[in-house]
Amino acid sequence: MQAMVGGGRLPLFDAHCHLQDPRIAHCMPHLLTAAVEAGVRWFAVNGTSEQDWDVVRKMGDTYPTVIPCFGLHPWYVANRSPSWFSTLQSKLEAVPTAAVGEVGLDKGSHCQTIDFETQVEVLKKQLQLAQTLQRPVAVHCVNAFGSLQDILQEMGTFPAGIIMHSYSGPAEMVRMLAKYGAYFSFSGFFTSMKVEKAKQVLLQVPLDRILLETDAPDAFPRLDPSNLYWVPEDHASSSKGSGDNSNAEDHAIEGLPNLNVQHNQAGGTEKISKSKVKAKIKSLSRRSVLNHPSNIYALLSYISSLLGTSEEELSHITFGNAMHLYSFSGSKVV
Ligand SMILES: [Zn+2]
Numbered sequence: 001m002q003a004m005v006g007g008g009r010l011p012l013f014d015a016h017c018h019l020q021d022p023r024i025a026h027c028m029p030h031l032l033t034a035a036v037e038a039g040v041r042w043f044a045v046n047g048t049s050e051q052d053w054d055v056v057r058k059m060g061d062t063y064p065t066v067i068p069c070f071g072l073h074p075w076y077v078a079n080r081s082p083s084w085f086s087t088l089q090s091k092l093e094a095v096p097t098a099a100v101g102e103v104g105l106d107k108g109s110h111c112q113t114i115d116f117e118t119q120v121e122v123l124k125k126q127l128q129l130a131q132t133l134q135r136p137v138a139v140h141c142v143n144a145f146g147s148l149q150d151i152l153q154e155m156g157t158f159p160a161g162i163i164m165h166s167y168s169g170p171a172e173m174v175r176m177l178a179k180y181g182a183y184f185s186f187s188g189f190f191t192s193m194k195v196e197k198a199k200q201v202l203l204q205v206p207l208d209r210i211l212l213e214t215d216a217p218d219a220f221p222r223l224d225p226s227n228l229y230w231v232p233e234d235h236a237s238s239s240k241g242s243g244d245n246s247n248a249e250d251h252a253i254e255g256l257p258n259l260n261v262q263h264n265q266a267g268g269t270e271k272i273s274k275s276k277v278k279a280k281i282k283s284l285s286r287r288s289v290l291n292h293p294s295n296i297y298a299l300l301s302y303i304s305s306l307l308g309t310s311e312e313e314l315s316h317i318t319f320g321n322a323m324h325l326y327s328f329s330g331s332k333v334v
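Just so you know, full-length UniProt numbering puts 21 at position 21 of the sequence shown, and the rest follows in order with no gaps.
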């Protein structure tokens with residue numbers, strides 16, 4: 001069952017997500033409303049390149065619960081324009097409610113063709129900007145923790161905080177990163193990690209530095225599907241036959257905890273039987289399934305079980321940590 005308190009859900013803060021992603025543009029307001037109704041109070045919506053910064057800015061202007069974040073993600077470093085940095089700087093100066101992110105380093109399969117030295121150079125400029133503006137910065141790091149350590153040693157501490165988003169690094173790095181001001185944010189990706197390793201990582205994280213995030217629409221959790229929410233199908237792209245619709249039918253299942261789904265779209269209500277849903281889930285590649293921001297509750301449940309705390313306690317801790325982190329001068333959270 002989902003966590004309830006005082007007749008409502010436990011308050012949560014989605015410390016990192018991408019609700020501006022074009023893959024969920026067809027239903028984003030609906031997802032946001034659903035997550036707010038579920039109890040999520042704030043969403044740190046991270047831009048990834050010059051192409052989406054204005055969308056993120058508009059979301060921040062439109063939705064009181066959205067904290068906009070602007071940054072150049074390592075996957076998109078090769079596509080940056082010559083003026084990317086001045087654009088980023090002026091956006092952050094013009095939007096005092098904005099944090100920095102998503103930035104980072106990636107030596108994984110996604111970045112094989114992206115020059116690592118350029119990634120380092122782009123990251124350093126953005127970290128420097130976060131330090132100067134005294135805003136928190138969300139960092140993506142895949143297989144590059146040694147290089148990140150070198151950069152932090154060179155740059156010093158980050159009093160406004162670093163969010164180690166979707167943390168997947170070794171337990172041994174946690175204390176070192178924390179010294180520089182890092183918070184550790186756990187997404188659905190963490191549910192793929194072996195339980196013993198995941199517990200070792202969590203044991204190292206100071207309780208005042210732990211956060212929860214969905215990274216939605218990515219990082220669909222590897223947890224009991226009967227407790228997960230599903231993003232509705234994009235009928236528009238299906239009918240045009242564009243995009244990858246291999247899982248379109250699965251996306252049509254907008255989850256309720258018991259999977260006795262009532263999917264209301266275009267005025268119609270569709271019921272999907274539990275056995276049909278189970279059959280779909282069996283054949284599902286979870287990597288390609290879009291993540292719903294309400295799945296942060298399933299994550300709360302999973303991580304509190306690993307930590308041996310109650311959901312209420314972990315909600316209280318992570319919400320307080322995120323409120324503290326995002327309470328920079330000019331933030332909506334203040
Ligand atoms: Zn992200």
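Note that beta-carbon positions come from the ideal geometry of N, C-alpha and C, so glycine has one too.
Model, not experiment: these values are computed from the prediction.
Exercise. What residues does ligand 1 have around it, judged by CB closer than 7 angstroms to any heavy atom, in chain order?
Worked result: Sorted by chain position, residues whose beta-carbon lies closer than 7 angstroms to a non-hydrogen atom of ligand 1 are H16, H18, N46, E102, H140, H165, S166, D215 and D218.
For this session: Note down the Cα distance separating S90 from A78, rounded to an integer number of angstroms.
Result: Start at 1 with the first residue of the sequence shown, and residue 90 comes out as number 90. Start at 1 with the first residue of the sequence shown, and residue 78 comes out as number 78. Rounded to the nearest angstrom, the two C-alpha atoms are 21 angstroms apart.
Problem set entry | Cβ pair G188, I162 closer than 7 angstroms | Start at 1 with the first residue of the sequence shown, and residue 188 comes out as number 188. Start at 1 with the first residue of the sequence shown, and residue 162 comes out as number 162. Contact annotation: G188 and I162 have beta-carbon atoms that are not nearer than 7 angstroms.
Exercise. If we count Cβ pairs, one from each stretch, closer than 8 angstroms, do we get three or more for the segment 30–44 versus the segment 61–80?
Worked result: The count of Cβ pairs closer than 8 angstroms, one atom from the segment 30–44 and one from the segment 61–80, reaches three, so the stretches are in contact.
For this session: Rounded to whole angstroms, what's the CA-CA distance from M193 to E213? Just pull it up for me.
Result: Here residue 193 refers to the residue found at position 193 when the sequence shown is read from its first residue. Here residue 213 refers to the residue found at position 213 when the sequence shown is read from its first residue. Rounded to whole angstroms, M193 and E213 show a C-alpha spacing of 16 angstroms.
Exercise. For S331, which three-state DSSP category applies?
Worked result: As a position in the sequence shown, residue 331 is number 331, starting the count at 1. Residue state, collapsed to three classes: coil.
For this session: Could you pull out every residue in the same chain whose Cβ sits closer than 6 angstroms to the Cβ of A130, ignoring the five residues on either side in sequence?
Result: On the sequence shown, residue 130 is found 130 positions in, with the first residue counted as 1. Excluding sequence positions up to five before and after A130, its CB lies within less than 6 angstroms of the CB of V100 and V137, all in the same chain and listed in chain order.
Exercise. Does DSSP classify K194 as helix, strand or coil?
Worked result: Counting from one through the sequence shown, the residue named residue 194 turns up at place 194. In the structure shown, K194 sits in coil (DSSP, three-state: anything other than H, G, I, E or B).
Problem set entry | Other residues of its chain near T48: CB distance less than 8 angstroms, five sequence neighbours each side excluded | Residue mapping note: residue 48 aligns to position 48 of the sequence shown, counting from 1. Within the same chain, T48 has close Cβ partners H18, G71, L72, H73, W75, Y76 and E102.
Exercise. Going by Cα to Cα distance, which pick from E172, A144 and K124 is closest to F158?
Worked result: Position 158 of the sequence shown, counted from the start, is the residue given in the question as residue 158. Looking at the Cα atoms, K124 is the closest of the given residues.
Exercise. So what does A99 bridge to, in DSSP terms?
Worked result: On the sequence shown, residue 99 is found 99 positions in, with the first residue counted as 1. Beta-bridge annotation (DSSP): A99 is paired with C69.
Exercise. Should P206 go down as buried or exposed, given a rule of 16 or more other Cβ atoms within 10 Å for buried?
Worked result: Counting from 1 along the sequence shown, the entry for residue 206 is found at position 206. Exposed, because fewer than 16 other Cβ atoms sit within 10 Å of the Cβ of P206.
Exercise. Where A178 and R209 are concerned, what is the direct C-alpha to C-alpha distance, given to the nearest angstrom?
Worked result: As a position in the sequence shown, residue 178 is number 178, starting the count at 1. As a position in the sequence shown, residue 209 is number 209, starting the count at 1. Just so you know, the alpha carbons of A178 and R209 end up roughly 8 angstroms apart.
Exercise. Are there 16 or more other CB atoms within 10 angstroms of the CB of A94, so buried, or fewer, so exposed?
Worked result: Here residue 94 refers to the residue found at position 94 when the sequence shown is read from its first residue. Residue burial is scored here from C-beta neighbours: A94 has fewer than 16 other C-beta atoms within 10 angstroms and is therefore classed as exposed.
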